[in-house]
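Just below is one structure, and these are the notes that go with it.
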Amino acid sequence: MLTSSNLKLHRKLKACYALAILCILLSVLLSVRASGVGHPAKVLELSDRFLEVRKQGIWLVKFYAPWCGHCKRLEPIYNHVAQALHDTAVRVAKVDCTRFPSVASEFSVRGFPTIIFMQGDKLEIYRGERVTDDIVNFAKKMSEPHIIHSTDDPLTLHGHLFAYEGPIVEPLWSEFETIAKENQHSDTRFYFIEKEEHQDIVSPKVLKKNSNGVILELSEGDELRNFVSANRFDHFVRLTRSNFDQLFLTKKLVAVGVIEEDKVGRSPNHHLEFRDFMGTVAADTDMRTFQVCWTSAVDLLGKFLTMQLQTPALLVINSTNHEHFLLNGNDVSWSPDTIFSHLDLVSKGGVRAYGGNSIIIRLYRKYYELTSNLVDMWAGNPILTTVLFGLPLGFLSLILYSYFCPDLIDDVSEETQDNEGEDLDNHEKCE
Numbered sequence: 001m002l003t004s005s006n007l008k009l010h011r012k013l014k015a016c017y018a019l020a021i022l023c024i025l026l027s028v029l030l031s032v033r034a035s036g037v038g039h040p041a042k043v044l045e046l047s048d049r050f051l052e053v054r055k056q057g058i059w060l061v062k063f064y065a066p067w068c069g070h071c072k073r074l075e076p077i078y079n080h081v082a083q084a085l086h087d088t089a090v091r092v093a094k095v096d097c098t099r100f101p102s103v104a105s106e107f108s109v110r111g112f113p114t115i116i117f118m119q120g121d122k123l124e125i126y127r128g129e130r131v132t133d134d135i136v137n138f139a140k141k142m143s144e145p146h147i148i149h150s151t152d153d154p155l156t157l158h159g160h161l162f163a164y165e166g167p168i169v170e171p172l173w174s175e176f177e178t179i180a181k182e183n184q185h186s187d188t189r190f191y192f193i194e195k196e197e198h199q200d201i202v203s204p205k206v207l208k209k210n211s212n213g214v215i216l217e218l219s220e221g222d223e224l225r226n227f228v229s230a231n232r233f234d235h236f237v238r239l240t241r242s243n244f245d246q247l248f249l250t251k252k253l254v255a256v257g258v259i260e261e262d263k264v265g266r267s268p269n270h271h272l273e274f275r276d277f278m279g280t281v282a283a284d285t286d287m288r289t290f291q292v293c294w295t296s297a298v299d300l301l302g303k304f305l306t307m308q309l310q311t312p313a314l315l316v317i318n319s320t321n322h323e324h325f326l327l328n329g330n331d332v333s334w335s336p337d338t339i340f341s342h343l344d345l346v347s348k349g350g351v352r353a354y355g356g357n358s359i360i361i362r363l364y365r366k367y368y369e370l371t372s373n374l375v376d377m378w379a380g381n382p383i384l385t386t387v388l389f390g391l392p393l394g395f396l397s398l399i400l401y402s403y404f405c406p407d408l409i410d411d412v413s414e415e416t417q418d419n420e421g422e423d424l425d426n427h428e429k430c431e
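Under UniProt numbering, the sequence shown has 279 at position 279, and the numbering climbs by one with no breaks.
Here's what the structure looks like:
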């Protein structure tokens, strides 16, 4: 049975325990606040004094103008970039080029927004998609060495990569190093696999590993630059404006899965299922022959198409002659087997090819592109389309009429003058 003194002691102990717990929670909260966690990192606002310190540290700088609509849309994304990079050595900043044009001139900025990575004398313009993850990965990769040294087996390394394995032998090593520097802005990493001293010295080899673990090795007699150009992408990538040209330098059959996407990146479920099927096919497709990708940007494919697409669609483009093979329509039952079968027929020449590079095809493609754009404009805003094309055509018709029919205008004016003269004579006679 507790006495009054024991009861008081028990209450004091409970109060001490509660105070101790409160102190611990406060210390944890203060440490979190001090470390910056939970606080959005701010984008530094630069002035022309930045030119004096530009080579000190690592910078990711956005050049913008307040009136630029693209700059305004990038603003929240860039704030997220700053937050994602707050625990790295990269300083995220921006500069108003209307207030400090000398800074824009120093870096030869010609358009807005422009994002440039800076480290010492190294400058690299970001040319990728304006999304948080891509910009963050670009900044992190640019701040790394262009060649990463590792003793691990290439199969255990993360992501898709090129690896130089074995002793350093010229000129292969110098060429590998040069290509790694040129491609540092891309999402492909380059590794030098260092051998342990007790391991046997072997002849050097260069290999490509995809993120799914598939290895492709440089064959003897092949050009290293051509090997990297043909295999620089992972087995399944998204086709965007930033990688469009590089994808069609692979000299492969580019298999594109085309789906629909709204402005916030949402797609119908059966389109997402089709994209997953494409990913499954990409993992088992011969990557020496095919580069598999997907896109929702149908307008990017306009330079190849001469017909309307019904999404989802499978478009295979021969990157050497721009011929294409199309599989789409509501009656197609999509599955990995369906896609595999179509790609197999294409590789064996069993599917009719459309398009190409002939003059007639290029002229027809331009005509198709023009008419498609006009139809899209009319469907989007018929009144504006009428004004845009009606006014110039109206002025042109007046100019042509006055140029080709001057005699008719003169005859009408003379007849008018004669009629006015007769009326005047009649009027005088009446008086």
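Don't be surprised by glycine CBs; every beta carbon is placed ideally from N, CA and C.
How is residue i classed by DSSP in three states: helix, strand or coil?
i: residue 344; result: helix
i: residue 248; result: coil
i: residue 162; result: strand
i: residue 74; result: helix
i: residue 214; result: coil
i: residue 64; result: strand
i: residue 83; result: helix
i: residue 177; result: helix
i: residue 309; result: coil
i: residue 391; result: helix
i: residue 192; result: strand
i: residue 397; result: helix
i: residue 42; result: coil
i: residue 69; result: helix
i: residue 295; result: strand
i: residue 137; result: helix
i: residue 124; result: strand
In angstroms, rounded to a whole number, what distance separates the CA positions of residue i and residue j?
i: residue 84; j: residue 112; result: 23 Å
i: residue 24; j: residue 138; result: In this prediction, residue 24 has a pLDDT of 48, which is less than 50 and means its spatial position is unreliable; nothing more can be read from the coordinates.
i: residue 209; j: residue 188; result: 10 Å
i: residue 274; j: residue 174; result: 43 Å
i: residue 304; j: residue 290; result: 17 Å
i: residue 118; j: residue 141; result: 12 Å
i: residue 194; j: residue 327; result: 47 Å
i: residue 50; j: residue 71; result: 21 Å
i: residue 352; j: residue 144; result: 47 Å
i: residue 249; j: residue 309; result: 24 Å
i: residue 63; j: residue 355; result: 41 Å
i: residue 182; j: residue 211; result: 21 Å
i: residue 162; j: residue 224; result: 11 Å
i: residue 79; j: residue 42; result: 7 Å
i: residue 207; j: residue 348; result: 28 Å
i: residue 74; j: residue 114; result: 10 Å
i: residue 186; j: residue 246; result: 11 Å
i: residue 378; j: residue 384; result: 8 Å
i: residue 108; j: residue 331; result: 52 Å
i: residue 386; j: residue 299; result: 23 Å
Within 10 angstroms of its Cβ, does residue i collect 16 or more other Cβ (buried), or is it exposed?
i: residue 401; result: exposed
i: residue 219; result: exposed
i: residue 166; result: buried
i: residue 147; result: buried
i: residue 405; result: exposed
i: residue 52; result: exposed
i: residue 38; result: Caution is warranted here: a pLDDT of 39 is assigned to residue 38, below 50, making its placement in the model unreliable, and the coordinate value is therefore given only provisionally. Classification of residue 38: exposed, given that the 10 Å Cβ count is below 16.
i: residue 324; result: buried
i: residue 239; result: buried
i: residue 233; result: buried
i: residue 46; result: buried
i: residue 66; result: exposed
Using a Cβ-based criterion (distance less than 8 Å to any ligand heavy atom), does residue i qualify as near the ligand NAP?
i: residue 122; result: No copy of the ligand NAP occurs in the structure displayed, which carries no ligand at all.
How close, in whole Å, do the beta carbons of residue i and residue j come, if the pair is a contact with beta carbons under 8 Å?
i: residue 293; j: residue 236; result: 7 Å
i: residue 89; j: residue 135; result: The pair is not a contact, with the Cβ atoms about 16 Å apart (cut-off 8 Å).
i: residue 128; j: residue 242; result: 5 Å
i: residue 81; j: residue 95; result: The pair is not a contact, with the Cβ atoms about 15 Å apart (cut-off 8 Å).
i: residue 260; j: residue 271; result: 6 Å
Which residue's Cα is closest to the Cα of residue i: the options?
i: residue 116; options: 61, 381 and 174; result: 61
i: residue 101; options: 151, 132, 133 and 48; result: 48
i: residue 336; options: 344, 190 and 395; result: 344
i: residue 264; options: 296, 353 and 193; result: 296
i: residue 437; options: 284, 321, 72 and 118; result: No answer is possible for residue 437: it lies beyond the span of the chain, which begins at 1 and ends at 431.
i: residue 56; options: 121, 397, 105 and 43; result: 121
i: residue 68; options: 216, 42 and 110; result: 110
i: residue 370; options: 183, 302 and 397; result: 302
i: residue 254; options: 233, 213, 229 and 318; result: 318
i: residue 216; options: 153, 286 and 259; result: 286
i: residue 204; options: 176, 269 and 185; result: 176
i: residue 86; options: 44, 97 and 75; result: 44
i: residue 133; options: 77, 399 and 314; result: 77
i: residue 252; options: 266, 231, 190 and 131; result: 231
i: residue 190; options: 288, 125 and 154; result: 154
i: residue 124; options: 104, 157, 184 and 103; result: 184
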